[in-house]
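What follows is a single structure, written as C-alpha cells, with notes after it.
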Amino acid sequence: MDYFKRLLDLLKTEKDEDKQSYQALTAALSVSDRRANGLTWYPIAIKDTEMSLGDYLIVELERTTHQEVAHSFRSGVSVMLFSNHDPAGDKLEGTVSYQSGNMMKVALRTDELPDWSRDGKLGIDLLFDDNSYDEMQAALKLASSLREKSEEGRLIRVLTGEQSPTSGDDQGAAKQISARLNPSQQAAVSKILSANELAIVHGPPGTGKTTTLVQAIKALIDRDHEQILVVAPSNTAVDLLSEKLSDEGLNVLRVGNPARVSERLLSLTLDSKMMAHGSMKEVKKLRKRASEFRDMAQKYKRNFGPAEREQRKALFGEARSIIKEADRTEQFITDDLVSRAQVITATLVGANHYTIRGLRFGTVVIDEAGQALEPACWIPILKARKVIFAGDHCQLPPTIKSAEAARGGLSTTLLEKCAALHPQSVVLLEEQYRMNEMIMGYSSSVFYDDKLKAHGSVAHHSLFPGDKPLVFVDTAGCGYEERAEGISTGNPEEAAFLFRHLTRLVAEIAEQGNGSGSREQGNFPSIAVISPYRLQIDLLKEQLRHSPTLQPYLDKISVNTIDSFQGQERDIVYIGMTRSNPDNKIGFLSDIRRMNVAMTRARKKLVVIGDSATLSQLPFYADFISYAEKHDAYQSAWEFVE
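Structure (C-alpha cells):
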C-alpha cells in the first residue's frame, strides 16, 4: 500500500478510537468530575466582550474557583459555553482564540450573547480535538501530492527512503561550532551544518541534547541568516527550548500557548510582543470606538419599528468597518513581529498556527522526535528544505490510544524510521553528565552499543563515600504476591518493603552528616519512587503517608509513574517492579524502552526491587540481574528481615 495512504488509514483508526473513548468519558462524568480531569472550567465569569470579523463575538472568560486544577484548554481548540441551569439546552459552540493563566478568550458564532448567559452557573467544556487530526490528515494528503515533484518532493522522498540524503562539504562549519561542546556534540553540530536534507541527533539520557541543539541553531543562524522553525510534540519541550534559545541572545517568537506561565516565557509570546508594539495604541483606540457603536446598537429593544431597525443595522455596520480597520492594523503588527523573529517555536500542530501558516523555512528542527506521532511531524516538515530530528527512540514512544493502530505501525516514529534508513545521518551523543558509570553501564550496553561514557564529574559520584550506586533487591520467595485490581496491578508487601529500605538509607545519609546529608543545610538528596503501575503508585503514596521517619523529607520525595519522570532526574531513584506471580507474567514490563527511562533517572543511586523468578522470564531482566551480581550489587530481601 502507498506510504501516505497507509498512514492516513492508521490515523483514521486512531482518531475513531480516541473520539469514542473521549465521548464515553465525558458523557459519564459530572461537571465536577470533568473539571477534575481538566476538561471543564466551572464556574466561570464573563469579564468582557468584543466584536470580531464576520459573525463572531469574542468573549473574555475567567475561571473563578479551582484555579489550581491543571487543564487541557489551549488556543485553537473547540469548546462549548454552557449554563448549568439547563446544560442540554443552553449551550453555544466556539473556538479558543487565547488562553493564559485563568483567563480565556473564546470566539462564539453570534452577534450577541444569549439571555441565559446572564443568569450565572456558566461553564466551558472542552470538545473533542478534531482540529489536530484535521491538520495531520491535511499534511499527509499534501505530502502525498508533493512527493513526485522534483524539487518540492525531494525532502519527502528522502524521509520515506526513496532517495538518500546528501551533505555539502562545509569547510566553514568548524568555525561555527562552540568550543563549550564535547567531541560528539561538536560532531552533531557539524552534521547539522553540512546536511542538505536530514540530520539526526540521537541523545541518550543526560547527554546534553538541548545544549547541542541550541548551539546548532545559533550556528545555522550565524551562517545562513535564515529564520528557523523549532517544534516539539509537547508545550513543555517547546517552552524549554524557547527559553534556552532566548538566553543565547536570539530573537525568539513563541507561537501558541506556553505550558509554563513564567514572566520570562510570556515575554516571548506573540500576545506579549504585540502589546509592546508601537502600533498597538491605534488598535486599542479603534476597538474602543467599535465597542461604543455596538453598545449604542444594543440599546434598541426587540419591539422596534423599521426606522430603529435601520438605525441599529447602520450602527452595527459602522462597528464592523472599524473592526476591519483594527484587524488590518493588528495583521500588520503580527507580520512585522513574525518577520523579525530569528527563531519561531511551536508545537507540531502549532506549526500551522494562522500567524505562520503560509511560511517556508530553510531548516525545521523537531525536538523530542522519539515521542512525536509521525503524521504530526509532517505538518512542520512540509514547510522545510531540511529537517533536523533530535530525540531518543530508545526511550518512551508516542502515546497511541488504538492498539490496532499501534500494531499497524503508528507507534513507530519518523525518527526511528529515518535512523534505520539513513544511519549515515545519525550522530549519537556519547558523553553523559547525569549518572554514576555503574548506573549507566547496563543501559549503555543494551540500548547504545556500549558507546556511552560518563563525564569525569559524574562517573564516580555517590551519596557518601563507600555507598553503592546500584542495588537490585530480590524479593523472590518472600511471598510478596501481586494483586490485580481493574486494569492495574499492585503489590502491597513490596510497597511496604520499599519504604523500609528507603527509611534505612535515609538514616544512613543523615548519619553521614557533615553537610552531605544534613537536612538542616538543605543539601539532602532528591528522591524518586517509581513504578510502572498506577495502582502501585497509589499504594506507595499511602505507605509514604504512614512512614513517620520520612515525614521531614517529604519535599525531597516524589512518587509517580515512569512516564511522568521522562526528562527528569533525581539523586536517588527507587523502582518497584510490582509483578510477582507463579505464572511468571510481566505484562507491560516487557516494554524495555519504558524501563530504560526509569533506570536512567538516577544520578547517584539506583535501587531496583523485584522478584527475580518472575522478572527473569525476559532476557532484559535476567541480564540486568547478572549485571548487578557482577558488580556486587545484588541483595536478597531476606537480608532485611527484621
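First residue of the sequence shown: 1006, per the working numbering; consecutive thereafter.
Glycine included, every Cβ here is placed at the ideal spot set by N, Cα and C.
### Task
In the DSSP assignment, find the alpha helix (DSSP H) that holds I1667 and state where it starts and stops.
There is no way to answer for residue 1667, as the model of the chain reaches only from 1006 to 1647.
### Query
Taking the C-alpha atoms as reference points, what is the distance between D1596 and L1291?
Indexing the sequence shown from 1 puts residue 1596 at position 591. Indexing the sequence shown from 1 puts residue 1291 at position 286. Between the alpha carbons of D1596 and L1291 lies a distance of about 58 Å.
### Query
Looking only at its own chain, which residues have a Cβ that is under 6 Å from the Cβ of Y1138, when we skip the five neighbours before and after it?
Numbered from 1 along the sequence shown, position 133 holds the residue referred to as residue 1138. Same-chain partners within the cutoff: K1020.
### Message
Within a Cβ cutoff of 8 Å, which residues of the same chain sit near E1486, ignoring the five residues on either side of it in sequence?
### Response
By 1-based counting over the sequence shown, the position of residue 1486 is 481. Correct list, in chain order: N1496, E1498, S1585, N1586.
### Message
Against chain B, does K1609 count as a neighbour if the rule is that its beta carbon must be under 9 Å from one of theirs?
### Response
Looking at the structure shown, chain B is missing, and only one protein chain is on hand.
### Query
So, helix, strand or coil for Y1485, using DSSP?
Sequence index remark: in the sequence shown, residue 1485 carries index 480 (1-based). If DSSP states are grouped into helix, strand and coil, Y1485 belongs with coil.
### Task
Give me whichever residues DSSP pairs with M1085 in a beta bridge.
The residue given as residue 1085 occupies position 80 in the sequence shown. According to DSSP, M1085 bridges with E1098, D1130.
### Message
Could you check whether A1533 and M1606 sit closer than 9 Å to each other, using their CB atoms as the reference points?
### Response
For the purposes of this step, residue 1606 is taken as residue 601 along the sequence shown, with counting starting at 1. For the purposes of this step, residue 1533 is taken as residue 528 along the sequence shown, with counting starting at 1. Correcting the residue type first, residue 1606 is Arg in the shown sequence and not Met. Against a cut-off of 9 Å, the Cβ pair of A1533 and R1606 comes out as a contact.
### Task
State yes or no: is the C-beta of S1569 within less than 9 Å of the C-beta of S1531?
Along the sequence shown, one-based indexing puts residue 1569 at 564. Along the sequence shown, one-based indexing puts residue 1531 at 526. Not a contact, by the Cβ cut-off of 9 Å.
### Message
Considering only DSSP beta bridges, list what L1066 is partnered with.
### Response
One-based indexing of the sequence shown puts residue 1066 at position 61. Per DSSP, I1051, M1109.
### Query
Considering only C-alpha positions, which residue in the set T1100, M1443, G1128, H1358 is nearest to D1091?
One-based indexing of the sequence shown puts residue 1091 at position 86. Nearest option by C-alpha distance: G1128.
#### Entry: Alpha carbon of S1088 to alpha carbon of S1037, nearest angstrom
Sequence index remark: in the sequence shown, residue 1088 carries index 83 (1-based). Sequence index remark: in the sequence shown, residue 1037 carries index 32 (1-based). Each residue's Cα considered, the two are about 14 Å apart.
### Query
Ordered along the chain, which non-local residues of its own chain (more than five positions away) have a Cβ less than 6 Å from that of D1053?
Residue 1053 sits at position 48 when you count from the first residue of the sequence shown. Cβ within range, chain order: E1065.
### Message
On a Cα-Cα basis, can you pick out the residue from Q1028, H1466, L1419, A1603 that is closest to Y1447?
### Response
As a position in the sequence shown, residue 1447 is number 442, starting the count at 1. Taking only the C-alpha atoms, the option nearest Y1447 is A1603.
### Query
When you compare each of A1184, P1209, I1226, T1171 to S1199 by their alpha carbons, which one comes out closest?
Your numbering for residue 1199 matches position 194 in the sequence shown. That would be T1171, whose Cα lies nearest to the Cα of S1199.
### Task
Within 10 angstroms of the Cβ of N1519, are there 16 or more other Cβ atoms? Answer buried if so, exposed if not.
The count along the sequence shown starts at 1 and reaches residue 1519 at position 514. Note that N1519 scores 45 on pLDDT, short of 50, meaning its location in the model is unreliable and no value can be drawn from it.
### Query
Per DSSP, what kind of secondary structure is S1155 in: helix, strand or coil?
Within the sequence shown, numbered from 1, the residue matching residue 1155 stands at position 150. For S1155, the secondary structure class from DSSP, reduced to helix, strand or coil, is coil.
### Message
Residues in the same chain with beta-carbon distance under 6 Å from A1193, minus the five sequence neighbours each way, listed in chain order, please.
### Response
Counting from one through the sequence shown, the residue named residue 1193 turns up at place 188. Around A1193: V1206, T1217, V1432.
### Task
Starting from the C-beta of W1121, find all residues in its chain whose C-beta is less than 8 Å away, skip the five residues before and the five after it, and write them out in chain order.
For the purposes of this step, residue 1121 is identified with residue 116 of the sequence shown, where counting begins at 1. Closer than 8 Å at the Cβ level, and outside the excluded window around W1121, lie S1088, H1090, D1091, D1095.
### Residues sharing a beta bridge with K1391, DSSP
What you label residue 1391 is simply residue 386 of the sequence shown in a count that begins at 1. Bridge partners of K1391: T1368.
### Query
Taking Cβ positions, are A1500 and Q1556 nearer each other than 9 Å?
For the purposes of this step, residue 1500 is taken as the residue at position 495 of the sequence shown. For the purposes of this step, residue 1556 is taken as the residue at position 551 of the sequence shown. In this structure, Q1556 does not lie closer than 9 Å to A1500 by Cβ.
#### Entry: As assigned by DSSP and simplified to three states, the class of V1074
The residue labelled residue 1074 in the question sits at position 69 within the sequence shown. DSSP places V1074 in coil when its eight states are reduced to three.
#### Entry: Exposed unless 16 or more other CB atoms sit within 10 angstroms - verdict on G1615
The residue given as residue 1615 occupies position 610 in the sequence shown. Per the 10 Å Cβ criterion, buried.
### Task
Output the boundary residues of the beta strand (DSSP E) element that contains G1413.
What you label residue 1413 is simply residue 408 of the sequence shown in a count that begins at 1. For G1413, no beta strand (DSSP E) encloses it, and the DSSP letter there is neither H nor E.
### Query
Would DSSP call E1525 helix, strand or coil?
To locate residue 1525, count along the sequence shown from 1; it is residue 520. At E1525, the pLDDT of 49 sits below 50, so the modelled position is not reliable; the number obtained from the coordinates is stated separately. The answer is coil: DSSP assigns E1525 none of H, G, I, E or B.
### Message
Looking only at its chain, what residues have a beta carbon closer than 8 Å to the beta carbon of P1624, apart from the 5 residues adjacent to it on each side?
### Response
Here residue 1624 refers to the residue found at position 619 when the sequence shown is read from its first residue. Closer than 8 Å at the Cβ level, and outside the excluded window around P1624, lies no residue.
### Task
List the DSSP bridge partners of S1172.
Reading the sequence shown from its first residue, position 167 is the one you call residue 1172. A1200, per the DSSP bridge assignment.
### Query
How far does the beta strand (DSSP E) with V1564 in it reach, from first residue to last?
Here residue 1564 corresponds to residue number 559 of the sequence shown, with the count starting at 1. That run of the beta strand (DSSP E) goes 1562-1566.
### Task
Helix, strand or coil for N1288, going by three-state DSSP, please let me know.
For the purposes of this step, residue 1288 is taken as the residue at position 283 of the sequence shown. For clarity, residue 1288 is Val in the given sequence; the question names Asn instead. Residue state, collapsed to three classes: helix.
### Query
Is it true that the CB of L1160 sits closer than 9 Å to the CB of Q1225?
For this step, residue 1225 is matched to residue 220 along the sequence shown. For this step, residue 1160 is matched to residue 155 along the sequence shown. The sequence as given places Leu at residue 1225; Gln does not occur at that position. Going by C-beta atoms, L1225 is not nearer than 9 Å to L1160.
### Task
Tell me the start and end of each unbroken alpha helix (DSSP H) in the region 1183-1235 that is at least 4 residues and wholly inside, in chain order.
1188-1199, 1214-1229
### Task
Would you kindly report the start and end of the unbroken beta strand (DSSP E) that includes T1352?
In the sequence shown, residue 1352 corresponds to position 347, counting from 1. 1348-1352 is the extent of the beta strand (DSSP E) around T1352.
### Message
So for G1520, helix, strand or coil by DSSP?
### Response
Translated into the one-based positions of the sequence shown, residue 1520 becomes position 515. Note that G1520 scores 44 on pLDDT, short of 50, meaning its location in the model is unreliable; the coordinates nonetheless yield the value given after this. The answer is coil: DSSP assigns G1520 none of H, G, I, E or B.
### Message
Between the alpha carbons of T1350 and L1364, how many angstroms are there, rounded?
### Response
In the sequence shown, counting from the first residue as 1, residue 1350 sits at position 345. In the sequence shown, counting from the first residue as 1, residue 1364 sits at position 359. Cα to Cα, T1350 sits roughly 13 Å from L1364.
### Task
Tell me whether P1385 is buried or exposed, calling it buried when 16 or more other Cβ atoms sit within 10 Å of its Cβ.
Position 380 of the sequence shown, counted from the first residue, corresponds to residue 1385. It counts as buried.
### Query
Using 8 Å as the threshold, is the region 1152-1167 in touch with the region 1378-1397, meaning 3 or more CB pairs across them?
yes
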